[in-house]
Structures are given as C-alpha cells and as structure tokens.
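Let me begin by presenting the structure, written as structure tokens, before commenting on it.
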Amino acid sequence: MLKTVILVLGLASSLIGAAPSYVATTDNISDANKAAGSVSDNACRVEELPYTAPTFRHPARDVCVDIEALRKVKIYSAATCQNGTEALFARYRAPGCVGEPAELQAIGEELLGACLSMPSRGAGSYGFWCDGVEERAPLDPAPASPPQYSSGGGFWGLIGILLLIFVTMLLIAVLKLVSFISRATHAGNKFLGIFGQREGGIALR
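Under mature numbering (1 follows the signal peptide of the UniProt record, and there is no 0), residues -18 to -1, 1 to 187 are what the sequence shown spells out, in order.
This is how it looks when you write it as structure tokens:
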C-alpha cells in the first residue's frame, strides 16, 4: 500500500513539473502565429487570368514572397515586428525582393482588405518590412523579355502554306480532269459500239 502511494505521488509530481514547459511551448506557438501576417495573392479577380479558389499565405516579418504577373495582393492582417509594432508593407518590381522596395507603406484601414496592385504588370514580390525584407533568388525566374521571332521566318512560312494550298488544288483539278476524260472516253466507246451494231444490222438486211 505504501509503495502504491509513493508511486502515485511521484507520478503527480512529474506531471506538475512538466506542465509549465507545455504551457510555455503553447505560448511560443501562439506568439509565432501572432507575429505572422495573413495575405492572399489570388483572392482578387483579374480579367486576364482564369478564376481560381483563393489561397492564403502567412508570411513572417522580413520574409520575401513572390507573386505572379498581373496578380494583386490582399492583406487581411499585418505581421508584427519584434518590438510589438506593426510591420510596413513593401512591394517590389521584380521577384526576390531585390534592392529597395518600389513602395513602402504603413498598413492602415485603407490597405486592409483592398486589392493592391504591384508596381509593374510583370512578376513581382512583397513582404512585411520590419528590419528590411531579405533578398533571395526568385523561385520561378521570369524571362527578361519575350522571345523574338524574325519577320522573315513568318513571311517564308506564309509562302510555304500558300504553295501547299496551290499544289493541293492543282492535284485535285488534275484528278477531276482525268476522271472526266475517263468517263468521256467510256461514253464515246459505248456510243460507237451501239452505232456500229446498228450499221451491221442494216448491212445484213
């Protein structure tokens, strides 16, 4: 009996000792969630892009987030800096948050829930600015300019298509002519055969 009581007391003591560390861990997770912001870069309708169901991101402070061309970003909540103040919102003209931001704004009521355009219509990036958004290599680097096609190649391609159409039409015409000649020859032979039979009958009479 005494051993059982000692075992129960020891187990209770270990649980009490473990409780503070568990609470601290939960608080740390809660603090981390509060420090991150909440945004979506496909919740805003863009006519040039197909509709997709909105997805949400929770970027931490000073973390760079790339955004596709033509997309707009909507802020639901701002990230919190280490000193407890709200982060600024930085927008960049290119992926990777390279250089100084094109726009750096305090996140007020006019920005929350609004569809914010990026500085350029191409792919860009953004982040919640506290000590400066860290630069990084873009995840999907976009080509600097669209591929250039020479006008000469398009001209000769058009000539080739027209030539192919002409040859096809000529072949069809030749086939029709051959078919017509064949039918005419057959009809002529048939007519001559009938006429010859009649002449033979008359001569016999």
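C-beta: ideal position from N, C-alpha, C; glycine also. Here the structure is a predicted model, which is why all the values come from computation and not from measurement.
Residue i - containing beta strand (DSSP E), residue span
i: I89; result: No beta strand (DSSP E) holds I89; DSSP gives it neither H nor E.
i: A72; result: 70 to 74
i: F38; result: No beta strand (DSSP E) holds F38; DSSP gives it neither H nor E.
i: V45; result: From DSSP, V45 is part of no beta strand (DSSP E); its letter is neither H nor E.
i: V21; result: 20 to 22
Beta-bridge partners of residue i, as assigned by DSSP
i: K158; result: Looking at the DSSP assignment, K158 forms no beta bridge with any residue, so it has no partner.
i: V28; result: DSSP output for V28 lists no bridge partner at all.
i: C112; result: BP columns for C112 are empty, so no partner.
Local conformation of residue i per DSSP, three classes
i: L52; result: coil
i: F173; result: helix
i: S102; result: coil
i: T62; result: strand
i: V80; result: coil
Nearest to residue i (by Cα), restricted to the options the options
i: T62; options: G90, A17, L70, R73; result: A17
i: R75; options: V45, A119, S102, E92; result: S102
i: L52; options: L31, T67, C46, R39; result: L31
i: A96; options: I176, A25, H168, A169; result: A25
i: L94; options: D23, K56, L159; result: K56
i: G78; options: S59, G109, L70; result: G109
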